[in-house]
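Read through the structure below, which is laid out as structure tokens, and then see the notes.
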Amino acid sequence: MVPRVILGGGIVKGMIETARNFVGSYTDASRLTTVEYPEQRIPLHANARQFPFLVFDGTDPMAGLRCVACQICEKECPPQCIYIIKDSVKKPDYLGKMQMQPKVFDIDLSVCMSCQICVEVCPFDAIKMDTEFELSNDDRFAGLLVNKHQLAKPNSHFARIHPAEAAEVDGRLAAEKAKAEAKARADAEAKAKAAATSPPPAGNPSSSPPPKS
Amino acid sequence: MEPLKGLLSTLWKALTDQPDPKAPFLESIPEDYRSLASAVLSVAPILMVFPLLFALTTVLERKGLGRIQNRLGPNRVGPAGFLQFAADGLKTLTKEDVVPRAADRVVHFLAPIALVIPVLLTFAVLPFGRNLAPIDLDAGLLFFFAVSSATELAVFMAGWASRNKYSLLGALRAVAQMVSYEIPLVLAALSVVMITGTLSLSAIAAAQSPTPGSFLAPWYVFTPWGLMGFLLFMIAACAEANRSPFDLPEGESEIIAGYYLEYSGFKFALFFLGEYLGLFASSGLAITLFLGGWNAPFAFMQGWLPSWVWFFAKLATLIAVFIWIRGTLPRVRMDQLMGLAWKFMIPMTLLTLVAAGLWHRLPSAPLRWVACTALLAGAFLVLGRVLMPRTRHGRRVYRYAD
Amino acid sequence: MEGGFIAMPTDVILWILGGLILISAVMSLALRNLIHCALFLMVCFLGLAGLYLHLNAVFSGLVQALVYVGAVGIILIFAILLTEGGGTETGSHLGSQWRTGIGLAVLLAFALLGAVSNSPQTTQAARHTEEPTVREIGLKLMTDYLLPLQTIGLLLTAAAIGAVVLAMQEPKPRKDETP
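Residue numbers (the numbering used here), protein chains in the order written: chain A, -14 to 198; chain B, 61 to 462; chain C, 2 to 180.
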């Protein structure tokens, strides 16, 4: 501890320090650590997350939607911000199998707390977290209720914002698809062989298996 | 056409330091209106220049404080953020004027006006240039202190009429602080009066004009008692203007915003304006008393620039120092504030008076330099050593909290 | 300060100032909120200061503003607030002795009127004597009236010190007492 020799010495010391800061801010650019936000942006963290979106494959958002309206995310969502109504019409999923699809899939932006539990529980890799954070809106009722058309984003978007996770998901889905196709081919071959050797049995035990999650 | 020509001539004469600048305009208009026009000519520049200076200061202060904290400060509105004051002004003008239901509506309304009017009146006696004193009053200094003492009342009115305990606390703090620091302020100014023998601010400024043969101008700040008086005066002025580090009447952390807590919109802007104008006025008085008024620092510089440029250059420097201090020092505690005023400032200003008397009496020789410097430096060291660090770190006793 | 800057008859300004002083003086007695009374008293003091200035008594006017508004007014307000009078509506603003008070006031007014009207200042043409400048007042105070000035200063200092001594007597917390 420096003894105060003269009254006001500490003040002078402080003034010198702030003067150094003042001059330094003009001469040394590394002192100005503030990011000028709208013009400058710092890259987002790899695991940045803000608000969920629905992944679709292909080009048509509604046809390629991976969501099968299983409503697990709706049930698991802690603040209960997801609202799903199942459609009566089914559509084929990526394996070509007929699946349910959501008629309504709304998420309330003002309620969502970005916890990512919906993503954790989804067995179909259909819902993922987006990194988009400029979500302000001038309509505080309808504008903050995001419907499935706004939520649907292509798989390429997912690959862009979270490359590692997307590659892993894509690989898994491709492997499953290949496995299913191989199995279907094997089944078809076995069926053809069986048809060639013996009459077909009454029940067909080897229908295509449910997709593994 | 004639009045316009006269006005331009008046403006030219005022800007170029010529004597009696009002004459060309007054001669160009009818006799009956001359006294009124003369008053308007005195008042209008003050009303135009100082609020504009206030606006610029708010931007520059924010930018300067930002730089002190390694930030950029406001940089969005206009070129490099310099039109920020226009945005702020429009905002305060268009904001809703909220008056608390329990407030004393009349007093609440009158308080900001009662603050701004005396502060503006103080500018009437400041000599801004060689021939640019709005009123050359015989008792100019007395007028300055008499008028500025009315601001305390306005502050109290604001705090009391809001019917808010924080406002009242802030007002009482402000009034106690202003009453305490008015004494050293006046005493520090008195040392100059003792030397010049006049209360007229124009005469005090003129007394500091450099004589033709000399090198350095005889500003009072270049004497031992003047330097000490100037420092004490600036500390007291800082406290009078409720500026950091003496801004505890508005201490956001404990009493939110103090006496102007319940003010919004343009009334708040008036308080803000009044505070800054008070700061400018105190700085202007310090310049006139100690920093040679409108005089150049060196004799050979005297004719280089119009006199008012020197005045405003000094004013800008003092404002910059105030901003610098605000960016450096933390807020003092109430007991520290009062201790500084009564235990340090008042003894020191009294000793400055004694030193000024010595300076006046002793023959013009190194003797008076040595005597005054020894007296003041010794007092400063002794007071600083003995009085100030009397902080006993014992067990804290709460007298009223049990 | 010669004349006013607005071409207005002197009498009008006198009437305005007089009215202001009278009205604010009456209000400072008649209102029920003590703070309002104090504020009206300040207006009254300011009006008096303006009157002095108008009569070319610059020094008196400025000292009136400085001392009465700046110091006495603040002390008054502190006194009201510290005695918990601030904001409370006191009861009937006519005390029990108001008749005596009015009688005394009228008597005093007549006495003053008589004194003023009989004074040589008003009867003779001595109105336009030299107005004392601040410098002359200062010189007089420092030469002819030095002793009274110093005596008053000493008295006031003694009073201030006495007040501080009275206010300082607070029960010191005893060492053995547990807080």
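Virtual Cβ for every residue (Gly too), placed ideally from N, Cα, C.
Check: Nearest to residue 61(B) by CA position, among 84(B), 79(B) and 80(B), is which residue?; Outcome: 84(B)
Check: The ligand MG and residue 169(A): does any heavy atom of the ligand fall closer than 7 angstroms to the residue's C-beta?; Outcome: Ligands are entirely absent from the displayed structure, and the ligand MG is therefore not among its contents.
Check: Taking only three categories from DSSP, how would you classify residue 21(C)?; Outcome: helix
Check: Using DSSP with H/G/I as helix, E/B as strand and the rest coil, what is residue 75(A)?; Outcome: coil
Check: Is the separation between the beta-carbon of residue 373(B) and that of residue 339(B) shorter than 8 angstroms?; Outcome: no
Check: Along the alpha helix (DSSP H) that carries residue 133(A), what are the first and last residues, could you check?; Outcome: 133 to 136
Check: Note down, in chain order, every chain B residue with its Cβ under 7 angstroms from the Cβ of residue 22(C).; Outcome: Chain B residues near residue 22(C): none, gap ~17 angstroms exceeds 7 angstroms.
Check: Who are the Cβ neighbours of residue 143(B) in its own chain at under 6 angstroms, not counting the five residues just before and after it?; Outcome: 137
Check: DSSP on residue 191(B), reduced to helix/strand/coil?; Outcome: coil
Check: Give the residues of chain B in contact with residue 74(C), contact being defined as C-beta atoms less than 7 angstroms apart.; Outcome: 213
Check: Taking only beta-carbon positions, decide if residue 306(B) is within less than 8 angstroms of chain A.; Outcome: no
Check: Taking the continuous beta strand (DSSP E) assigned at residue 87(A), which residues delimit it?; Outcome: 87 to 93
Check: Using a Cβ-Cβ cut-off of 7 angstroms (strictly less than) and excluding sequence neighbours within five positions of residue 110(B), which residues of its own chain qualify?; Outcome: 183, 337 and 340
Check: By the 8 angstroms beta-carbon criterion, what residues does the region 372 to 388 of chain B contribute toward chain A?; Outcome: 384, 385, 387 and 388
Check: Could you round the C-beta distance between residue 272(B) and residue 359(B) to whole angstroms and report it? I think they count as a contact, below 8 angstroms.; Outcome: 7 angstroms
Check: Does residue -4(A) come within less than 8 angstroms of chain B when only Cβ atoms are used?; Outcome: yes
Check: With DSSP run on the structure shown, which of helix, strand or coil describes residue 40(A)?; Outcome: strand
Check: With which residues is residue 139(A) paired in a DSSP beta bridge?; Outcome: 41(A)
Check: Please classify residue 237(B): is it buried, with 16 or more other beta-carbons within 10 angstroms of its beta-carbon, or exposed?; Outcome: buried
Check: How long is the line joining the alpha carbons of residue 366(B) and residue 352(B), rounded to whole angstroms?; Outcome: 14 angstroms
Check: Would the beta-carbon of residue 194(B) fall within 8 angstroms of that of residue 255(B)?; Outcome: no
Check: Sort 104(A), 98(A) and 132(A) by Cα distance to residue 88(A) and report the nearest one.; Outcome: 132(A)
Check: Kindly confirm or deny that the region 163 to 179 of chain B and the region 203 to 215 of chain B touch, where touching means at least three C-beta pairs closer than 8 angstroms.; Outcome: yes
Check: Going by the CB atoms, is the gap between residue 227(B) and residue 333(B) shorter than 8 angstroms?; Outcome: no
Check: Along the region 109 to 131 of chain B, where does the CB come closer than 9 angstroms to a CB of chain A? Name the residues.; Outcome: 124, 126, 127, 128, 129, 130 and 131
Check: How about residue 42(A) and residue 51(A): are their beta carbons less than 8 angstroms apart?; Outcome: yes
Check: Nearest CA to the CA of residue 173(B): which residue from 428(B), 277(B) and 335(B)?; Outcome: 335(B)
Check: Taking all protein chains shown into account, decide if residue 90(B) is buried (16 or more other Cβ within 10 angstroms of its Cβ) or exposed.; Outcome: exposed
Check: Kindly list, in the order they appear in chain F, the residues whose Cβ is closer than 9 angstroms to that of residue 411(B).; Outcome: The chain inventory of the structure shown lacks chain F, comprising the protein chains A, B and C.
Check: Measuring only the C-alpha atoms, how far is residue 117(A) from residue 125(B)?; Outcome: 33 angstroms
Check: State the start and end residues of the unbroken beta strand (DSSP E) segment that holds residue 231(A).; Outcome: What is shown of chain A runs -14 to 198, which leaves residue 231(A) out entirely.
Check: Is residue 166(C) close to chain B, meaning its C-beta is less than 8 angstroms from at least one C-beta of that chain?; Outcome: no
Check: I'd like to know if residue 17(C) contacts chain B, where contact means its C-beta is closer than 8 angstroms to some C-beta of that chain.; Outcome: no
Check: Which two residues bound the contiguous alpha helix (DSSP H) that contains residue 135(C)?; Outcome: 135 to 143
Check: Smallest Cα separation from residue 156(B): which of 324(B), 314(B) and 331(B)?; Outcome: 324(B)
Check: Look up residue 84(A) in the DSSP assignment and give the residues it is bridged to.; Outcome: 76(A)
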